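As you go down the protein sequences, you meet chains D and R in turn. Position 62 (the first sequence) corresponds to 62 in the numbering used here; numbering is contiguous. Position 103 (the second sequence) corresponds to 103 in the numbering used here; numbering is contiguous. By construction, the Cβ of each residue, glycine as well, lies at the ideal position given by its N, Cα and C atoms. Remember, it's a predicted structure, so these values are computed and weren't measured experimentally.
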Amino acid sequence: KNQVEQSPQSLIILEGKNCTLQCNYTVSPFSNLRWYKQDTGRGPVSLTIMTFSENTKSNGRYTATLDADTKQSSLHITASQLSDSASYICVVSANFNKFYFGSGTKLNVKP
Amino acid sequence: EAGVAQSPRYKIIEKRQSVAFWCNPISGHATLYWYQQILGQGPKLLIQFQNNGVVDDSQLPKDRFSAERLKGVDSTLKIQPAKLEDSAVYLCASSLQGRETQYFGPGTRLLVL
C-alpha cells in the first residue's frame, strides 16, 4: 500500500534553533519527493523537489535529504525564524502523475 | 504571474444544503486538482482534470460531490447535500501538465452546521 508517514506530528522549538522533520514512504514506483510549507489559512507552497538520484537539496535555510534505499527523507531547518511556523507536508509521486501526501508536521517557533 | 484563485474563502452552511466552490488556475496550466483537507491532516485528492477531461476521481464521493471544468480553464466543485463531515478546507491546485510542481490556491474553508 502506498503510504507517506511523517514525524513528529507537531514540534515546538525556540527561535534560532535548528530542527529536523522526518518523512518515511512506501510509494512505488518512486518518481520524486517534494516538501511543501503550508502557512495557516493558506495553500501549500513547494520548498524542494528531489528525484531518485538526488541526496540533498537546499532552499535557503531549508535542506532536504533523500535516502531512496531506506525510503526516508528529512527536512532540516537551520536557525529557525518565527515565520517558519507552519505545517510541513511531504508529498511522494508515483509514475510522475500520482501524488501521495503525508499528514504533515506542525512546527511552532517561539520567541 | 497571478496565482491560483479560489472563491469564496469562507462558507458556512447547514447540513443538507448545497454549496459550490470556484477555482481559476494559473494561465496555461492544463492540470487542475481539487483536494479536501480536514483539520490536522494532509490534503486528500478529490478529482484531477487534464484540460476538460477527468483523469482521476476515484476518491470523489460521487453521490454528493460533483466537479466540472467545461472549457478546460476554471472549475467548480459542488456538494449537494452537505454533511457535517464535509467541514474542511477545499484546496484547488494546478500544474503545467501534471508532472510538475503543483501550485495551490488559498483554499475555501467550509463549515457545515
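Check whether residue i and residue j have beta carbons under 8 Å apart
i	j	result
D/R61	D/I49	no
D/Q3	D/Y25	yes
R/T31	R/Q80	no
D/K37	D/Y88	yes
R/I47	R/W34	yes
D/Q114	D/C23	The question about residue 114 of chain D has no answer, for chain D in this structure spans 1 to 111.
D/P111	D/E5	no
R/A88	R/Q17	no
R/F21	D/P44	no
Nonlocal neighbours in the same chain, by C-beta distance under 7 Å from residue i, ignoring five residues either side
i	result
R/S68	Position check: residue 68 of chain R holds Glu in this sequence, whereas Ser was assumed. Excluding residues within five positions, the ones whose Cβ falls inside 7 Å are S75 and T76.
R/P106	Q6 and R9
D/A68	F30 and F52
R/G42	none
R/S66	K78
Residue burial classification, residue i (beta-carbon count within 10 angstroms, cutoff 16)
i	result
R/T108	buried
R/A93	buried
R/V19	buried
R/L91	buried
R/V54	exposed
D/G147	As shown, chain D starts at 1 and ends at 111. That puts residue 147 of chain D outside it, with no answer to give.
Minimum Cβ-Cβ distance from residue i to chain R less than 8 Å
i	result
D/I89	yes
D/S7	no
D/S103	yes
D/F96	yes
D/F99	yes
Other residues of its chain near residue i: CB distance less than 6 Å, five sequence neighbours each side excluded
i	result
R/Q102	A93 and S95
D/K57	T48, M50 and A64
Below-8 Å beta-carbon distance, residue i vs any chain D residue
i	result
R/P61	no
R/P43	yes
R/P106	yes
R/G98	yes
Can you list, in chain order, the residues of the segment 44 to 71 of chain D whose Cβ is nearer than 9 Å to any Cβ on chain R?
P44, V45, S46 and I49: these are the residues of the segment 44 to 71 of chain D whose beta carbon lies less than 9 Å from some beta carbon of chain R, given in chain order.
Closer than 9 Å between beta carbons: that is the criterion. Which residues of the segment 81 to 94 of chain R meet it against chain D?
Listed by position, the residues of the segment 81 to 94 of chain R near chain D (Cβ gap below 9 Å) are V89, L91, C92 and A93.
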